[in-house]
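Protein chains: 2
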Amino acid sequence: MQRKRFEDMTCPIARSLERVGEWWSMLILRDAFYGLTRFDEFQSSLGIAPNMLSRRLGALVEAGLLERRRYSERPVRYEYVLTPRGLDFRPVLLSLMAWGSRHFAPEGISLFLEDDRTGRAAEPVLVDAHTGAPITRERHLVRAGPAANERMRARIESAHRRRAPDRHQTLSSH
Amino acid sequence: MQRKRFEDMTCPIARSLERVGEWWSMLILRDAFYGLTRFDEFQSSLGIAPNMLSRRLGALVEAGLLERRRYSERPVRYEYVLTPRGLDFRPVLLSLMAWGSRHFAPEGISLFLEDDRTGRAAEPVLVDAHTGAPITRERHLVRAGPAANERMRARIESAHRRRAPDRHQTLSSH
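Chains as they are written, first to last, in my numbering: chain C, 13 to 186; chain U, 13 to 186.
Structure representation (structure tokens):
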């Protein structure tokens, strides 16, 4: 049922997008985080056509992000609940939310993350769990891992070659 | 040129997806982070049809994520370079990469982030820049901001109502 439309399927970004990259999928997940579980709730929240919603929910279930549970026998009705894998998607949505708020909210903030302990707005940033250092392009480089294929290795090596002139400049300027 | 297909366009997640949610867009951005700039490079990396690539690049330029620069006069040729807004998208891609590596890499890691100072693999996690605390569902709640419309407020309030029973359980179990 899943479409394999991407060329290089060893890339974890491509693999993620295979599961959540269809139009509507991430908004369905967003709504699931808001606590929506039922077909009609998603439909009225998103204004999405029923056949489309049905396909998207099915794909998210197949990908293991939502679990389909029967909540009524007569008539037979299902609800859709985030699995651990689906719950683990929250940082991606929050990163999108933060980026959207920074760049596409000329009229002000419509949505933010509040720290329940301090009552203050949180500012989500990506850090390295091991060092606590903010993830930056200067310090944190993408590398090929053991399971990378030739294509992926070539891509990464080429990226580092392209980057090298910059880096020399940066290094010599310190 | 941009399609306004989402119902509630005050949501910063929906606004972000309006810009990058089309199939291919995020992989084009990924490749731009690898240093690809030219039409032919994107095309051969992604195996995407030229007319589709042309439309996606145009949309990313229009949304302010890529800048189109002429690099040749005869023939006229353009390259596409990440803008500050595009560069700021990196945490979203890295979150997708980390999530994909955790859930969809049964054969092992093909791509990872390396800390250039320590030489170790970094583990990207989302924290609150103000407190340094990891962002969790228990502590960090999505709230409506000043620019939220009625629809958004209703959605958030309903989310907090749905969440309340859980929270009492969680609180009492501590």
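Built from N, CA and C at the ideal position, the CB exists for glycine as well.
It should be emphasised that the depicted structure is a prediction, and the values quoted were computed from it without experimental measurement.
Simplified DSSP state of residue i, which is helix, strand or coil
{"i": "Phe124 of chain C", "result": "strand"}
{"i": "Asp140 of chain C", "result": "strand"}
{"i": "His172 of chain U", "result": "helix"}
{"i": "Pro103 of chain U", "result": "helix"}
{"i": "Leu78 of chain U", "result": "strand"}
{"i": "Met118 of chain C", "result": "In the sequence under discussion, the amino acid at residue 118 of chain C is Pro, which differs from the Met named in the question. Pro118 of chain C: coil per DSSP, three-state reduction."}
{"i": "Ala166 of chain C", "result": "helix"}
{"i": "Met21 of chain C", "result": "coil"}
{"i": "Leu69 of chain C", "result": "helix"}
Option in the options with minimal Cα separation from residue i
{"i": "Arg81 of chain U", "options": "U:Val154, U:Gly120, U:Ala61 and U:Phe51", "result": "U:Phe51"}
{"i": "Glu30 of chain C", "options": "U:Ser122, U:Trp35 and U:Ala134", "result": "U:Trp35"}
{"i": "Pro136 of chain U", "options": "C:Gly131, C:Ala75 and C:Pro103", "result": "C:Pro103"}
{"i": "Leu41 of chain U", "options": "U:Pro24, U:Tyr83, U:Tyr92 and U:Ala156", "result": "U:Tyr92"}
{"i": "Ala26 of chain U", "options": "U:Asp127, U:Leu69, U:Met164 and U:Ser170", "result": "U:Met164"}
{"i": "Val139 of chain U", "options": "C:Glu150, C:Ser107, C:Ala159 and C:Arg149", "result": "C:Ser107"}
{"i": "Ala133 of chain C", "options": "C:Leu153, C:Ile121 and C:Asp100", "result": "C:Ile121"}
{"i": "Leu58 of chain U", "options": "U:Gly47, U:Asp43 and U:Ala71", "result": "U:Asp43"}
{"i": "Glu79 of chain C", "options": "C:Arg174, C:Leu94 and C:Glu85", "result": "C:Leu94"}
{"i": "Met38 of chain C", "options": "C:Met21, C:Leu105, C:His152 and C:Arg175", "result": "C:Leu105"}
{"i": "Gly157 of chain U", "options": "U:Ile168, U:Tyr46 and U:Arg149", "result": "U:Ile168"}
{"i": "Glu150 of chain C", "options": "C:Pro62, C:Arg114, C:Pro24 and C:Ala176", "result": "C:Ala176"}
{"i": "Glu162 of chain C", "options": "U:Asp100, U:Thr22 and U:Leu123", "result": "U:Leu123"}
{"i": "Trp111 of chain C", "options": "U:His115, U:Gly144, U:Gly76 and U:Glu85", "result": "U:Gly76"}
{"i": "Trp128 of chain U", "options": "C:Gly98, C:Gly33 and C:Thr143", "result": "Checking the sequence, you will find Asp at residue 128 of chain U rather than Trp. Looking at the Cα atoms, C:Thr143 is the closest of the given residues."}
{"i": "Ile154 of chain U", "options": "C:Met109, C:Arg68, C:Leu72 and C:Ile147", "result": "Residue identity differs from the one stated: residue 154 of chain U is Val in this sequence, not Ile. Checked all of C:Met109, C:Arg68, C:Leu72 and C:Ile147; the closest Cα to Val154 of chain U is C:Met109."}
{"i": "Cys23 of chain U", "options": "C:Ile147, C:Glu119 and C:Ala160", "result": "C:Glu119"}
{"i": "Arg97 of chain U", "options": "U:Arg174, U:Phe45, U:His172 and U:Ala160", "result": "U:Phe45"}
{"i": "His115 of chain U", "options": "C:Arg67, C:Arg114, C:Phe101 and C:Ser56", "result": "C:Phe101"}
{"i": "Ala159 of chain C", "options": "U:Ala141, U:Arg173, U:Arg86 and U:Ser113", "result": "U:Ser113"}
{"i": "Arg174 of chain C", "options": "U:Met64, U:Gly47 and U:Met21", "result": "U:Gly47"}
{"i": "Leu72 of chain U", "options": "U:Glu85, U:Glu126 and U:Ser28", "result": "U:Ser28"}
Element boundaries [alpha helix (DSSP H), containing residue i]
{"i": "Arg50 of chain C", "result": "First-last for Arg50 of chain C: undefined, no H or E at that position."}
{"i": "Leu94 of chain U", "result": "Unbroken run through Leu94 of chain U is the beta strand (DSSP E), Arg89 to Leu94; no alpha helix (DSSP H)."}
{"i": "Ala27 of chain U", "result": "Sequence inspection shows Arg at residue 27 of chain U; the Ala mentioned does not correspond to that position. From DSSP, the alpha helix (DSSP H) with Arg27 of chain U extends over Pro24 to Val32."}
{"i": "Phe45 of chain U", "result": "Ser37 to Phe45"}
Within-8 Å CB hit, residue i to chain U
{"i": "Ala44 of chain C", "result": "no"}
{"i": "Glu135 of chain C", "result": "yes"}
{"i": "Met64 of chain C", "result": "no"}
{"i": "Asp52 of chain C", "result": "no"}
{"i": "Val154 of chain C", "result": "yes"}
{"i": "Ser84 of chain C", "result": "no"}
{"i": "Arg81 of chain C", "result": "no"}
{"i": "Gly131 of chain C", "result": "no"}
{"i": "Pro87 of chain C", "result": "no"}
{"i": "Thr95 of chain C", "result": "no"}
{"i": "Ala176 of chain C", "result": "no"}
{"i": "Ala166 of chain C", "result": "no"}
{"i": "Ala160 of chain C", "result": "yes"}
{"i": "Ala26 of chain C", "result": "yes"}
{"i": "Ala3 of chain C", "result": "Any property of residue 3 of chain C remains undetermined from this structure, which presents chain C solely from 13 to 186."}
Where the beta strand (DSSP E) containing residue i begins and where it ends
{"i": "Ala156 of chain U", "result": "His152 to Ala156"}
Neighbour flag for residue i against chain C, beta carbons, 8 Å
{"i": "Pro103 of chain U", "result": "yes"}
{"i": "Leu78 of chain U", "result": "no"}
{"i": "Ile40 of chain U", "result": "no"}
{"i": "His180 of chain U", "result": "Note that His180 of chain U scores 47 on pLDDT, short of 50, meaning its location in the model is unreliable and no value can be drawn from it."}
{"i": "Ser113 of chain U", "result": "yes"}
{"i": "Gly157 of chain U", "result": "yes"}
{"i": "Glu126 of chain U", "result": "yes"}
{"i": "Leu69 of chain U", "result": "no"}
{"i": "Leu72 of chain U", "result": "no"}
{"i": "Ala117 of chain U", "result": "yes"}
{"i": "Ile121 of chain U", "result": "yes"}
{"i": "Met13 of chain U", "result": "Any reading at Met13 of chain U is ruled out, since the residue's pLDDT is 40, under 50, leaving its predicted position unreliable."}
According to DSSP, residues forming a beta bridge with residue i
{"i": "Pro133 of chain C", "result": "Going by the sequence as given, residue 133 of chain C is Ala instead of Pro. Note: Ala133 of chain C sits in a beta bridge opposite C:Glu126."}
{"i": "Pro62 of chain U", "result": "Note: Pro62 of chain U sits in no beta bridge, so no partner."}
{"i": "Ser84 of chain U", "result": "U:Arg89"}
The ligand ATP heavy atom lying under 7 Å from the CB of residue i
{"i": "Pro24 of chain U", "result": "This structure simply doesn't include the ligand ATP, nor any ligand for that matter."}
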